[in-house]
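A short write-up of the structure that comes next.
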Amino acid sequence: MSAQRIVVCGDLEKSMAAVLSGIPHDRLFVLVDAHTSACCLPSLSFIKEVAEASVLQVGAGDAHKGLESLSQVWSGLSGQGASRHSLLLNVGGGMITDLGGFAASTFKRGIHFVNIPTTLLAMVDAAVGGKTGINFNGLKNEVGTFALADCVLVSTEFLRTLDEENLLSGYAEMLKHGLISTEKHWAELLRFDLEDVDYGLLEGLVAQSIRIKEAIVEKDPHEQGIRKALNLGHTVGHAFESLALERGCPVLHGYAVAWGIVCELYLSAVRLGFPADKLRQTVSFIKGHYGMFPFDCHQYDRLYELMTHDKKNEAGRINFTLLRNVGDIAINQQATKEDIFEMLDFYRESN
Ligand code: GLY
21 MSAQRIVVCG DLEKSMAAVL SGIPHDRLFV LVDAHTSACC LPSLSFIKEV
71 AEASVLQVGA GDAHKGLESL SQVWSGLSGQ GASRHSLLLN VGGGMITDLG
121 GFAASTFKRG IHFVNIPTTL LAMVDAAVGG KTGINFNGLK NEVGTFALAD
171 CVLVSTEFLR TLDEENLLSG YAEMLKHGLI STEKHWAELL RFDLEDVDYG
221 LLEGLVAQSI RIKEAIVEKD PHEQGIRKAL NLGHTVGHAF ESLALERGCP
271 VLHGYAVAWG IVCELYLSAV RLGFPADKLR QTVSFIKGHY GMFPFDCHQY
321 DRLYELMTHD KKNEAGRINF TLLRNVGDIA INQQATKEDI FEMLDFYRES
371 N
């Protein structure tokens, strides 16, 4: 995969016009969900070609990131005359960019697509880096492709109307990028005031966060090695996310990642000497903004079992990405069941 074109744009209209004219296409399709159709599409409709495009709409939320929505997108494309030379604009959060990317990368063996992420999580993570997919058989992102969008157009204007929880959810991935990059970036993320957001400053941090992910993806697009750095916080985070789902109280992905980071930094400190002061500062930031995921020792076995099902595991071993220090990444790290239970003790006690 070659490098992906990512444009962090101040003027969406101008950037969009340039992007559309740079990708030859016969027809334009726009994929939205029920939410982005109402909240985001109107702000793109001043662009004549978008206003005249065929709009495909699916239900909002992760529950709709499945075969039924995929079939709806394929049917919409096929039924409305999309050809191999058509272009799909995916306008939405990670659910839309994952689903739309997958639909586009498979329809007629692949058509061009552009991602316009409208949530912070999609801007800094889902829409960037070429992972597409849908949930299948109750498993998240079980079926998908690696396929780069022709362009990712990032307008932080969408963040001004994003609710606080979704802003925090995306910010957790930014914090992860801080931890795997430089002490300077990590420290500026901890300093940023999430209660009184300076959107100008946030735009700069978002651009930097995207560059960190981009640089890693360029080195290892298919996650054979260093791309696993992006999994920091996710082994435990996914287990929290699944347990929450089993309880019928789903949590936002970024919250689970933030809680997972607390656990995995503890493991990093115990196993690899990650500095205690940086652990303390990061944990305090996360506890202050994301609160706690509630569980007790009766759920340890279930959480452990969920970690053993993580699709990033290899040869039956739970595979963690840990840190020796900020920016000093150790992939493919294992831990014993005792280590993992101790880590869960730490999580509960650090309240
Ligand atoms: N979300 C992690 C990755 O794109 O690899």
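Per our numbering, the very first residue in the sequence shown carries number 21; after that it's consecutive. C-beta atoms are modelled at their ideal positions from N, C-alpha and C, and glycine is treated no differently. Note that the coordinates shown come from a computational prediction; the quantities given were computed from them, not determined experimentally.
Between the alpha carbons of Leu210 and Leu97 lies a gap of roughly 44 angstroms. Straight across, the Cα-Cα distance linking Arg322 with Ser65 is about 48 angstroms. No Cβ-Cβ contact shorter than 8 angstroms links Thr176 with Ser125. Its chain contains Leu140, Val144, Leu209, Leu225, Val226, Ser229 as the residues whose beta carbon lies nearer than 8 angstroms to that of Met194, once the 5 sequence neighbours on both sides are disregarded; these appear in chain order. The C-beta separation of Val256 from Met312 comes to about 13 angstroms, leaving the pair out of contact by the 8 angstroms criterion. Per DSSP, reduced to three states, the secondary structure at Thr341 is strand. Relative to the ligand GLY, Glu243 has its C-beta within less than 7 angstroms of a heavy atom. Residue pairing by DSSP places Pro270 opposite no residue, since no beta bridge is assigned to it. For Ala355, no beta strand (DSSP E) encloses it, and the DSSP letter there is neither H nor E.
Cys283 sits buried, since 16 or more C-beta atoms from the chains shown fall within 10 Å of its C-beta.
When DSSP states are grouped into helix, strand and coil, His132 belongs to the strand group. In this structure Tyr310 touches Leu188 by the C-beta definition: roughly 6 angstroms separates them, less than 8 angstroms. In the three-state reduction of the DSSP assignment, Pro137 falls in the strand class, which pools E and B. Straight-line measurement puts the Cα of Ile136 at about 13 angstroms from the Cα of Gly30. By the C-beta density criterion, Lys204 is exposed, having fewer than 16 other C-beta atoms within 10 angstroms. Between Ala167 and Ile131, the C-beta gap is not smaller than 8 angstroms, which leaves the two residues out of contact. Excluding sequence positions up to five before and after Leu90, its CB lies within less than 7 angstroms of the CB of Leu119, Phe122, Ala123, Ile154, all in the same chain and listed in chain order. Its chain contains Ile246, Arg247, Ala249, Leu250 as the residues whose beta carbon lies nearer than 7 angstroms to that of Ile236, once the 5 sequence neighbours on both sides are disregarded; these appear in chain order.
The Cβ atoms of Val172 and Ala147 lie closer than 8 angstroms to each other. Take Leu48, set aside five residues on each side of it, and the residues of its chain with a beta-carbon closer than 6 angstroms to its own are Glu69, Ala73, Leu107, in chain order.
At a Cβ-Cβ threshold of 8 angstroms, Val277 and Lys151 do not count as neighbours. When distances are taken from the beta-carbon of Gly149 to the heavy atoms of the ligand GLY, the shortest one is below 7 angstroms.
Under the Cβ criterion (8 angstroms, minimum of three pairs), the region 332-342 does not count as touching the region 265-276.
Annotation for Asp46 indicates a beta carbon at 7 angstroms or more from all heavy atoms of the ligand GLY. Remark: the C-beta of Asp145 is in contact range of the ligand GLY, defined as less than 7 angstroms to any heavy atom.
Each of Glu162, Gly158, Cys317 was checked against the Cα of Phe366, and the nearest Cα belongs to Cys317. Looking at the backbone, the Cα of Arg267 and that of Ala259 are separated by about 12 angstroms.
Between the C-alpha atoms of Val174 and Gly113 there is a straight-line separation of about 12 angstroms.
If one requires a minimum length of 4 residues, the alpha helix (DSSP H) runs lying completely within the region 97-178 are 114-126, in chain order.
Taking a C-beta distance under 8 angstroms as the contact criterion, Arg291 and Leu342 qualify as a contact pair.
Distances taken from the Cβ of Arg337 to the heavy atoms of the ligand GLY include none shorter than 7 angstroms. Separation of the CB atoms of Ile360 and Tyr324 is rounded to 6 angstroms, and the pair is thereby assigned contact status at 8 angstroms.
Using a cutoff of 7 angstroms, the CB of Leu199 does not count as near the ligand GLY, since none of the ligand's heavy atoms is closer than that.
In this structure, Arg344 has its CB at a distance of at least 7 angstroms from all heavy atoms of the ligand GLY.
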